[in-house]
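Participant: Just dropping this structure here.
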Amino acid sequence: MMAFGSCKRESFLDVTPKGIVIPSTLADFRLILDNVVSAASSGSVTSGLSAKHQITAMMTDNTTLTPDLTIALYKQDYEVRAFMFEDAIYSPTEDDLDWNRYYQHIYVANVVLDGLEDIAGQSAEKSLLEAEARLHRAYAYLNLINMYAAHYNSATAGIDPGVPIRQGIQLAGVDLSRASVQAVYDLVIEDLLYGTQNLADKQPGTLQFRPSKAAAFGLLARTYLYQAKYSEAVAAAESALKLQGTIRDINTDPASIFAAGVRVFPNQVNDPEVIWFKDQGGLFLSATNNELFNLYETGDLRKEWYSTVRNHMILGNDVDGTIYAAQLIANNTSAGVRTSELLLIRAECHARLGNVAEANADLNALRKKRFKAANYVDVNITDQAALLRFVKAERRREMAADAERLFDIKRYNLLDQDGISVTHTYNGKTVTVGPNSKKWVLPIGTKYIQINPEIKQNPHD
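To convert a position in the sequence shown, counted from 1, into the numbering used here, add 34.
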């Protein structure tokens with residue numbers, strides 16, 4: 035019905051498609067929110083409300099890049115600039131793809147929410163559509179605030195600059211100044227809580243692109259984790275897992291069609307572990323550094339998500355290094371909510387709260403589905419500090435392809451003083467970003483600041 039991604043924009047908020055029928059019925063709003071293209075022959079599903087902020091993966095200690103890899107993996111100039119933590123990732127004439135994408139999602143959600151207000155009466159379908167729109171909006175804002183703002187700090191969140199908040203579709207006279215980090219989180223939580231009350235409990239595999247109550251609780255658990263509200267995160271994760279708690283055994287994951295000895299994620303619409311499918315929006319290839327690769331233990335099948343074949347041919351190019359095999363086939367990775375992440379959220383929060391037995395139990399529930407049976411041994415870590423370190427490493431192993439590592443680095447450095455720094459070298463130039471650097475926060479695209487000068491740039495010194 036709508037191709038929001040193809041329209042020209044005067045600014046990142048001006049995404050109104052031209053020449054379309056104005057939606058006015060519940061059926062119209064259902065089509066807008068689904069905005070799905072499916073291919074029955076392959077079982078793939080692509081939603082217009084996809085998520086792809088993998089540029090953050092370029093800014094972490096999981097990734098490496100060389101000029102040869104840039105060519106082989108089809109990396110763009112902006113990805114190289116992100117890898118090197120440059121002050122401007124995009125030129126003054128370029129769109130910031132992630133900023134645009136998530137504000138587009140917010141616009142779509144607001145179109146639905148504004149339109150629903152004009153429909154008289156209240157019905158279950160109307161409440162459901164409102165809840166779905168609000169969950170898409172919450173997801174977009176949660177990613178924006180973690181990309182373009184400092185990590186949530188309860189002592190300063192009320193004054194730390196966040197991102198502009200838009201809760202309607204009118205542009206004339208709108209103040210686009212950056213709301214505080216606290217204000218953005220408050221809106222996210224408000225939208226998620228509405229979802230926990232009004233969404234369907236869960237969605238079948240073919241409709242996993244639609245939000246569900248399990249997804250709302252899952253995203254709420256992630257949000258509370260980012261806020262260091264650990265008891266609340268445990269409760270939200272448990273509510274989600276009660277509704278949908280299956281963990282996939284990756285012993286059954288299919289073999290890669292590109293390289294022997296490599297496994298790939300199954301098609302996500304058929305993955306019982308996926309609670310909310312957020313299509314990553316196309317092919318993304320990244321080279322894995324040795325630090326990450328060496329975190330995997332003997333018998334850990336997640337190591338087979340990566341190709342270790344040197345001079346491995348991919349898309350007609352030589353790749354000299356280790357690549358995310360999980361990213362090689364379209365529609366097989368989701369940036370939404372999965373049960374594995376929720377187990378790790380609950381394990382981390384239990385570890386922080388001193389619930390050692392519960393944290394170990396969650397770790398083992400996940401790990402036994404990740405190892406060859408002959409190599410698997412339960413963990414039983416009794417020291418609280420050691421347990422938390424192990425949970426963090428397990429989260430890094432499990433979620434390496436999820437583009438959340440940058441958020442975790444910011445979080446660990448702020449809350450735990452972990453002192454994580456990243457050193458990247460490219461074409462003879464080396465940059466080191468220390469734990470207190472402002473470079474962990476992405477710069478806002480110059481184009482948007484020129485159009486909307488009330489938006490202030492992130493310091494990047």
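We treat Cβ as the ideally placed atom computed from N, Cα and C, and that holds for glycine.
Would you identify the three-state DSSP class for I66, choosing helix, strand or coil?
Facilitator: For the purposes of this step, residue 66 is taken as residue 32 along the sequence shown, with counting starting at 1. Helix at I66.
Participant: Let me confirm a value: K276 is counted as buried when at least 16 other C-beta atoms fall within 10 Å, else exposed. Which label applies?
Facilitator: Along the sequence shown, one-based indexing puts residue 276 at 242. Looking at its Cβ environment, which holds fewer than 16 other Cβ atoms inside 10 Å, K276 is exposed.
Participant: Could you pull out every residue in the same chain whose Cβ sits closer than 6 Å to the Cβ of R380, ignoring the five residues on either side in sequence?
Facilitator: As a working note, residue 380 is residue 346 in the sequence shown. Correct list, in chain order: V268, A271, D396.
Participant: Would you call the stretch 430-450 in contact with the stretch 469-484, where contact means no fewer than 3 C-beta pairs closer than 8 Å?
Facilitator: yes
Participant: Given E392, which residues of its chain have a CB within under 7 Å of its CB, disregarding the five upstream and five downstream residues?
Facilitator: Numbered from 1 along the sequence shown, position 358 holds the residue referred to as residue 392. Only H384 meet the Cβ criterion.
Participant: Going straight from the alpha carbon of L476 to that of Y175, what length do you get?
Facilitator: By one-based count along the sequence shown, residue 476 stands at place 442. By one-based count along the sequence shown, residue 175 stands at place 141. The straight-line gap from Cα to Cα measures roughly 15 Å.
Participant: Between the alpha carbons of D132 and I483, how many angstroms are there, rounded?
Facilitator: Sequence index remark: in the sequence shown, residue 132 carries index 98 (1-based). Sequence index remark: in the sequence shown, residue 483 carries index 449 (1-based). Rounded to whole angstroms, D132 to I483 spans 15 Å at the Cα level.
Participant: Is I348 helix, strand or coil when you go by DSSP?
Facilitator: For the purposes of this step, residue 348 is taken as residue 314 along the sequence shown, with counting starting at 1. In this prediction, I348 has a pLDDT of 46, which is less than 50 and means its spatial position is unreliable; what the coordinates show is noted afterwards. Of the three classes helix, strand and coil, the one that applies to I348 here is strand, per DSSP.
Participant: Enumerate, from N- to C-terminal direction, the unbroken alpha helix (DSSP H) stretches of 4 or more residues contained entirely within the stretch 386-461.
Facilitator: 390-401, 418-432, 439-449
Participant: Are there 16 or more other CB atoms within 10 angstroms of the CB of Q110, so buried, or fewer, so exposed?
Facilitator: Position 76 of the sequence shown, counted from the first residue, corresponds to residue 110. Classification for Q110: exposed.
Participant: Write down the C-beta distance between D412 and N398 rounded to the nearest angstrom, noting that I regard them as a contact closer than 8 Å.
Facilitator: Position 378 of the sequence shown, counting from 1, holds the residue named residue 412. Position 364 of the sequence shown, counting from 1, holds the residue named residue 398. Right, the Cβ-Cβ distance comes to about 5 Å (below 8 Å), so this counts as a contact.
Participant: Going by DSSP, name the residue or residues bridged to T464.
Facilitator: Here residue 464 is taken as the residue at index 430 of the sequence shown, counted from 1. Bridge partners of T464: T459.
Participant: Specify the secondary structure class of I478 as computed by DSSP and reduced to three states.
Facilitator: Along the sequence shown, one-based indexing puts residue 478 at 444. Coil, per DSSP.
Participant: Mind checking T257: buried by the 16 CB within 10 Å criterion, or exposed?
Facilitator: Here residue 257 corresponds to residue number 223 of the sequence shown, with the count starting at 1. So T257 counts as buried.
Participant: Hey, out of S84, A61, A321, T59, whose CA is closest to A369's CA?
Facilitator: Taking the sequence shown and counting its residues from 1, one reaches residue 369 at position 335. Of the listed residues, the one whose Cα sits closest to A369 is S84.
Participant: W310 lies in the beta strand (DSSP E); which residues open and close that run?
Facilitator: On the sequence shown, residue 310 is found 276 positions in, with the first residue counted as 1. Following the DSSP letters along the chain, one finds W310 inside the beta strand (DSSP E) bounded by residues 308-310.
Participant: Assign P195 to one of three DSSP states: helix, strand, or coil.
Facilitator: Here the question's residue 195 lines up with position 161 in the sequence shown. Reduced to three states, the DSSP call for P195 is strand.
Participant: Among the residues of its own chain, which have a CB less than 8 Å from the CB of K463, if the five just before and after it don't count?
Facilitator: Counted from its first residue, the sequence shown places residue 463 at position 429. Here the set comprises M118.
Participant: Which residues in the same chain have their Cβ closer than 7 Å to the Cβ of S455, if we skip the five residues on either side of it in sequence?
Facilitator: To locate residue 455, count along the sequence shown from 1; it is residue 421. Beyond the five residues adjoining it in sequence on each side, S455 comes within less than 7 Å, by CB distance, of T466, V467, G468, P469 in the same chain, given in chain order.
Participant: Short of 7 Å in beta carbon distance, which residues of its chain neighbour R386, apart from the five on each side in sequence? Order them along the chain.
Facilitator: By 1-based counting over the sequence shown, the position of residue 386 is 352. Same-chain partners within the cutoff: Y264, L422.
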